[in-house]
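In the numbering used here, the protein residues as written are 826 to 1193. C-beta: ideal position from N, C-alpha, C; glycine also. Being a predicted model, the structure only gives us computed values, none of them experimental. Worksheet: one structure, shown below.
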Ligand SMILES: [Zn+2]
């Protein structure tokens, strides 16, 4: 796909889906994800949809990081302004807080913009710290948006992860300007070579890092995940238990808004019928965002893909094609045709979740 074309493809997709022209919408969707889809006019029923990652509201791990003083600054992104102001009022005596400009989020491109489309609600960024360093970060991001590594230092991200993300950011600027897509793709590509540690799964509101790890087994990132999970175990044990349960479920991923989560397991390459590893699954769920028009487009995508997945119990990606097997016999294939082949996100267990609670890690989770 030529640079910056995706933005126009998504604009076509939104327009066509908005006027109910499903044939044109499907064309645009196929171009966006580089995969031929069977024609379908059915939207995935809500019972087969899941939202693990919403890009909306306070993340439990970030609240725990702030309360347990794990990071000097915590930057809460994608928070409704009324929630941010309520949080500021409640915690004014504990933290110094700065509110960013309000914005709207494009849940297809995963970028923020000042103007609103129908159905969208306003979001903002809240910078919180004990020292006032949050304002310095906000000013750095405004004056030097390309200074990714400097911002990463202020946010106490490991330098290996900041450095890798900075590269991805620069490369994205020359391509489709979809840095979230590219960061997730870079990570999932590596999980197909060797499954990652589930504690570093980024596709969840229960994410323990609030940054993209440079590798799916980065030791520096794992150390932060462990500290955060321990703080969560003490301040919000149910959420900590949910994170250990839910993080690392396998995915089939095209682009950020278009992916499938499985109730299933990684099947190593030696045990799959095709090339490379696979996912053996009992059920598959379409991932949707809370945004009404984008979730409708996601459900259109799911209407094409989920019925095929329901035919089988194992999925692989073979040379850009998605291949679905039932008891090791191929039952369906979605031909790939782009430079961004779909990927499997494969996660093993986690050394983080098997650890005991550290009795010295204190902290109370502030409520949002
Ligand atoms: Zn790293």
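Closer than 8 Å: residue i CB and nearest ligand 1 heavy atom
i	result
residue 876	no
residue 855	no
residue 983	yes
residue 1016	no
residue 1038	yes
residue 986	yes
residue 911	no
residue 1045	yes
residue 866	no
residue 1053	no
residue 989	yes
Inter-residue spacing [alpha-carbon to alpha-carbon] between residue i and residue j
i	j	result
residue 909	residue 964	19 Å
residue 913	residue 854	41 Å
residue 1047	residue 1142	28 Å
residue 881	residue 1106	29 Å
residue 1029	residue 844	31 Å
residue 1183	residue 846	At residue 1183 the pLDDT is 47, less than 50, meaning the model places this residue with poor confidence; the figure from the coordinates comes in the next sentence. Approximately 56 Å, taken between the alpha carbons.
residue 975	residue 900	15 Å
residue 878	residue 905	16 Å
residue 1187	residue 1061	Residue confidence for residue 1187 is low, a pLDDT of 45 falling below 50, so the modelled location carries little weight and cannot support an answer.
residue 1147	residue 921	49 Å
residue 1032	residue 939	27 Å
residue 925	residue 907	13 Å
residue 1064	residue 883	13 Å
residue 1093	residue 1101	7 Å
residue 1161	residue 1097	20 Å
residue 1154	residue 1135	14 Å
Contact check, residue i vs residue j, beta carbons under 9 Å
i	j	result
residue 1008	residue 983	no
residue 1099	residue 1169	no
residue 858	residue 1087	no
residue 791	residue 1133	With the chain covering 826 to 1193 only, the question about residue 791 has no answer from this structure.
residue 897	residue 919	no
residue 1110	residue 1010	no
residue 1073	residue 1175	yes
residue 1003	residue 1077	no
residue 860	residue 1167	yes
residue 977	residue 1036	yes
residue 961	residue 979	yes
residue 986	residue 911	no
residue 1000	residue 829	yes
residue 1013	residue 1159	no
residue 973	residue 990	yes
residue 1020	residue 1173	yes
residue 1049	residue 895	yes
Collapsed DSSP secondary structure at residue i in the structure displayed
i	result
residue 1022	strand
residue 1040	coil
residue 1061	coil
residue 843	helix
residue 1188	In this prediction, residue 1188 scores a pLDDT of 48, lower than 50, which makes its location untrustworthy; the coordinate-derived value is nonetheless stated afterwards. Looking at residue 1188 - three-state DSSP - the assignment turns out to be coil, as it is neither helix nor strand.
residue 1049	helix
residue 1171	coil
residue 1177	coil
residue 880	coil
residue 829	coil
residue 990	helix
residue 1137	coil
residue 952	strand
residue 834	helix
Residue-chain proximity (residue i, chain C), Cβ-Cβ < 9 Å
i	result
residue 869	The displayed structure is made up of one protein chain only, and chain C is not part of it.
Report yes or no: do three or more beta-carbon pairs, one from the segment 1068-1078 and one from the segment 1024-1038, lie closer than 8 Å?
yes
Under 8 Å: do the segment 943-950 and the segment 925-935 share three or more Cβ pairs, one atom per stretch?
yes
Determine contact between the segment 1047-1060 and the segment 888-902, defined as no fewer than three beta-carbon pairs at a distance below 8 Å.
yes
Determine, using beta-carbon pairs with one atom in the segment 863-875 and one in the segment 1112-1129, whether at least three such pairs fall under 8 Å.
yes
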